[in-house]
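Student: Quick one: structure below, then a few questions.
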Amino acid sequence: DGGDVRRSREEIRLVRVTIDETGGWGRCPDALSSSIASLEAFAQELLLDHLRNLLDACDRHAGEALAWWQDQQQKKPVPTTTRVDMSDETAEAPSCCAALVPIGPGLLSPLGCGSS
């Protein structure tokens with residue numbers, strides 16, 4: 268969940284800001300600053316692991332979606348097209364295009380459909 272990542276990043280940032288606003292690292296006892304640094308490094312590693320897991324899940328699901336889509340594409344019949352040369356304005360449209368009206372060189376319009 269992106270909210271968990273944002274929340275974790277915000278908590279780490281808040282610790283840093285709090286230390287800076289209360290006198291900085293120099294005012295912390297050595298044992299405390301060492302402990303904080305260690306815990307911060309651990310928190311960042313956990314956050315990176317979480318992000319890696321999210322990216323792995325996204326990658327896995329994207330791969331599954333792609334495989335499904337490719338499978339669906341293979342099941343579809345391949346569409347066939349008929350090229351109509353309408354450069355000659357006296358040319359007749361083939362019977363499959365009888366409802367189409369020539370509107371210019373090489374252009375057909377379905378606007379004539381149902382108007383007769």
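Residues 268 to 383 in our numbering are what the sequence shown lists, from first letter to last.
Glycine included, each C-beta is placed from N, C-alpha and C at the ideal position.
Note that the structure is a prediction, hence the values are computed from the model and not measured.
Compute the beta-carbon to beta-carbon distance between residue 279 and residue 310, rounded to the nearest angstrom, for a pair I have assumed lies under 8 Å.
Tutor: At roughly 6 Å, the Cβ-Cβ gap stays under 8 Å, so residue 279 and residue 310 are in contact.
Student: Can you tell me which of the three DSSP states residue 290 falls into?
Tutor: Coil at residue 290, not helix or strand.
Student: Output the distance between the C-alpha atoms of residue 319 and residue 313, rounded to the nearest integer angstrom.
Tutor: Using only the alpha carbons, I get a separation of about 10 Å.
Student: Below 8 Å on the Cβ atoms is my guess for residue 272 versus residue 317; work out the distance and round it to an integer in Å.
Tutor: At roughly 6 Å, the Cβ-Cβ gap stays under 8 Å, so residue 272 and residue 317 are in contact.
Student: Looking only at its own chain, which residues have a Cβ that is under 8 Å from the Cβ of residue 303, when we skip the five neighbours before and after it?
Tutor: These residues qualify, in order along the chain: 282, 286 and 295.
Student: Specify the secondary structure class of residue 325 as computed by DSSP and reduced to three states.
Tutor: Of the three classes helix, strand and coil, the one that applies to residue 325 here is helix, per DSSP.
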